[in-house]
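Below you'll find the structure, written out as structure tokens, and then a few comments.
In the numbering used here, the protein residues as written are 11 to 400.
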């Protein structure tokens, strides 16, 4: 109710009381019907004009790679001990090999996923797995402020860890020393860290030696405030994020200039909040149906690059209208000197299409800490046409 009164009081909008049927929580699966929700209406005079830049035509996403059909049993005619067409007798075909926590071995939105190894025919050496293409460019210039290590550092490997009092953070991690990024993922109300499977860059991130850290609810000891009004997460959770950053840079070889955040609904609001209160080290953020309902003072003069993803006004609604919360965050980041891209996909809550989620990962990869945006001259090809420079 605190969130509802804050939004209504701040915006001066008319509010319609919810019926007893709605759950009244951001990001809850099977949320309230549209007529049961508080919806803020932004007068046309208050909606900023989106600056249009040249947009290159969209290109279709790359085709999904598929495994070759298995070779028939038995030696090929005239070639003792070899499978037909496979040098050295290595039979094609891909066994299980699913990545931990990711059904099917691939994060959703990544065509083909990470291909596991191909077994060899008897007497032949194993075929090595093909590498995941790494398009993460090393950052140059800029000096973010990395927190000091406080206490014991966790070991970064696939699984669940406890950090700085937070009892459940799900980790996907590549090999140490690769110089990869860190991505923080914050889930919506009523969801869990498993929601991070929707993140489009998991395979590439892990292949580059990076870390994906997904917080499983607000389990930090102590208070600190609430960025969404739902208690899904807590500002004290950022202390655990600080320790992950400090230890990741010190012990895992993380590129300190490539630290990002994303999330959906209450997690998207947590992402917008983190951009403000951890601007000292965040390079870019991409909230999905998020933004800002309780603006925070900026930690530093630096502003992370921002890509907001949201649905149409009046459709992306759970208690608040996320088209409006996204616009509020866009305005705050722009007025603080940040580079902002707004993507209105026109759909419902947390319904960013796959190509937009891929574009959000590209946006993060393309932006390093405190560097001019390579998107300033126009939205790159392949990014949905409804994404506009704000």
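Note that CB positions come from ideal geometry on N, CA and C, so glycine has one too.
Next item on the list: Taking residue 348 and residue 369 to be in contact with their CB atoms under 8 Å, please state how far apart those CB atoms are, rounded to whole angstroms.
Entry: Taking the chain shown and counting its residues from 1, the one referred to as residue 348 is at position 338. Taking the chain shown and counting its residues from 1, the one referred to as residue 369 is at position 359. About 18 Å; that fails the 8 Å criterion.
Notebook entry, point to check: If we ignore side chains and look at the alpha-carbon of each, how far apart do residue 310 and residue 290 end up?
Noted result: Within the chain shown, numbered from 1, the residue matching residue 310 stands at position 300. Within the chain shown, numbered from 1, the residue matching residue 290 stands at position 280. Cα to Cα, the separation comes out at about 6 Å.
Margin query: Let's see if you can read the secondary structure: which residues bound the alpha helix (DSSP H) around residue 371?
Written below: Position 361 of the chain shown, counted from the first residue, corresponds to residue 371. For residue 371, the enclosing alpha helix (DSSP H) starts and ends at 364–376.
Check: From residue 390 to residue 365, what distance separates their C-alpha atoms?
Finding: Translated into the one-based positions of the chain shown, residue 390 becomes position 380. Translated into the one-based positions of the chain shown, residue 365 becomes position 355. Approximately 13 Å, taken between the alpha carbons.
Next item on the list: Please classify residue 170: is it buried, with 16 or more other beta-carbons within 10 angstroms of its beta-carbon, or exposed?
Entry: Position 160 of the chain shown holds residue 170. The residue is exposed, with fewer than 16 neighbouring Cβ atoms inside 10 Å.
Check: Tell me the DSSP bridge mates of residue 171?
Finding: Residue 171 sits at position 161 when you count from the first residue of the chain shown. Assignment of beta-bridge partners to residue 171 by DSSP yields 179.
Next item on the list: Tell me, please, which residues DSSP counts as bridged to residue 398.
Entry: Locating residue 398 in the chain shown gives position 388, where the first residue counts as 1. Bridge partners of residue 398: 352.
Checklist line | Exposed unless 16 or more other CB atoms sit within 10 angstroms - verdict on residue 302 | finding: Counted from its first residue, the chain shown places residue 302 at position 292. Buried, since its Cβ has 16 or more Cβ neighbours within 10 Å.
Notebook entry, point to check: Ordered along the chain, which non-local residues of its own chain (more than five positions away) have a Cβ less than 6 Å from that of residue 300?
Noted result: Here residue 300 is taken as the residue at index 290 of the chain shown, counted from 1. Excluding residues within five positions, the ones whose Cβ falls inside 6 Å are 278, 279, 281, 282.
Next item on the list: Determine the contact status of residue 173 and residue 253, defining contact as a CB-CB distance below 8 Å.
Entry: Locating residue 173 in the chain shown gives position 163, where the first residue counts as 1. Locating residue 253 in the chain shown gives position 243, where the first residue counts as 1. Yes, they are a contact pair.
Margin query: Assuming residue 306 and residue 286 are in contact, meaning their beta carbons sit under 8 Å apart, how far apart are those beta carbons, in whole angstroms?
Written below: Translated into positions along the chain shown, residue 306 becomes position 296. Translated into positions along the chain shown, residue 286 becomes position 276. Cβ atoms of residue 306 and residue 286 come within 8 Å of each other, at about 4 Å.
Next item on the list: Quick one: give me the first and last residue of the beta strand (DSSP E) that residue 292 is part of.
Entry: Looking up residue 292 in the chain shown gives position 282. Note, residue 292: premise wrong, no beta strand (DSSP E); not H, not E.
Margin query: Quick check on the burial criterion: 16 or more other C-beta atoms within 10 angstroms. Buried or exposed for residue 448?
Written below: Residue 448 cannot be examined here, being either before or after the span of the chain that is shown, 11 to 400.
Margin query: For residue 298, list the residues DSSP reports as bridge partners.
Written below: Here residue 298 refers to the residue found at position 288 of the chain shown. Looking at the DSSP assignment, residue 298 forms a beta bridge with 274, 319.
Notebook entry, point to check: Does the beta-carbon of residue 386 have 16 or more other beta-carbons within 10 angstroms, so that it is buried, or is it exposed?
Noted result: As a working note, residue 386 is residue 376 in the chain shown. With fewer than 16 Cβ atoms within 10 Å of its Cβ, residue 386 is classed as exposed.
Note to self: Assess contact between the segment 320–336 and the segment 176–195, defined as three or more Cβ pairs (one per stretch) separated by less than 8 Å. Is contact present?
What the structure shows: Contact between the segment 320–336 and the segment 176–195 is absent: fewer than three C-beta pairs spanning the two stretches fall below 8 Å.
Check: In three-state DSSP terms, what is residue 194?
Finding: Locating residue 194 in the chain shown gives position 184, where the first residue counts as 1. DSSP, read as helix, strand or coil, puts residue 194 in strand.
Margin query: Assuming residue 159 and residue 183 are in contact, meaning their beta carbons sit under 8 Å apart, how far apart are those beta carbons, in whole angstroms?
Written below: On the chain shown, residue 159 is found 149 positions in, with the first residue counted as 1. On the chain shown, residue 183 is found 173 positions in, with the first residue counted as 1. Contact doesn't hold; Cβ gap of about 17 Å is too wide.
Next item on the list: Please state whether DSSP places residue 332 in a helix, a strand or coil.
Entry: Translated into the one-based positions of the chain shown, residue 332 becomes position 322. In this structure, residue 332 counts as helix in the three-state DSSP scheme.
Checklist line | Residue span of the alpha helix (DSSP H) that contains residue 225, given as start and end | finding: Residue mapping note: residue 225 aligns to position 215 of the chain shown, counting from 1. Taken as a continuous stretch (DSSP letters only), residue 225 belongs to no alpha helix (DSSP H), being part of the beta strand (DSSP E) at 221–225.
Item checked: Under the three-state DSSP convention, the category residue 5 falls into -> Here the chain covers residues 11 to 400 and nothing more, so residue 5 does not appear.
Check: Can you give the Cα-Cα distance for residue 329 and residue 187, rounded to whole angstroms?
Finding: On the chain shown, position 319 is the one that residue 329 refers to. On the chain shown, position 177 is the one that residue 187 refers to. Near 44 Å, if we compare the C-alpha coordinates of residue 187 and residue 329.
Checklist line | CB contact flag (residue 378, residue 267, <8 Å) | finding: For the purposes of this step, residue 378 is identified with residue 368 of the chain shown, where counting begins at 1. For the purposes of this step, residue 267 is identified with residue 257 of the chain shown, where counting begins at 1. Contact flag set, yes.
Check: For residue 269, which beta-bridge partners are listed by DSSP?
Finding: As a first step, residue 269 is located in the chain shown; it is residue number 259 there, counting from the start. Bridge partners of residue 269: 192.
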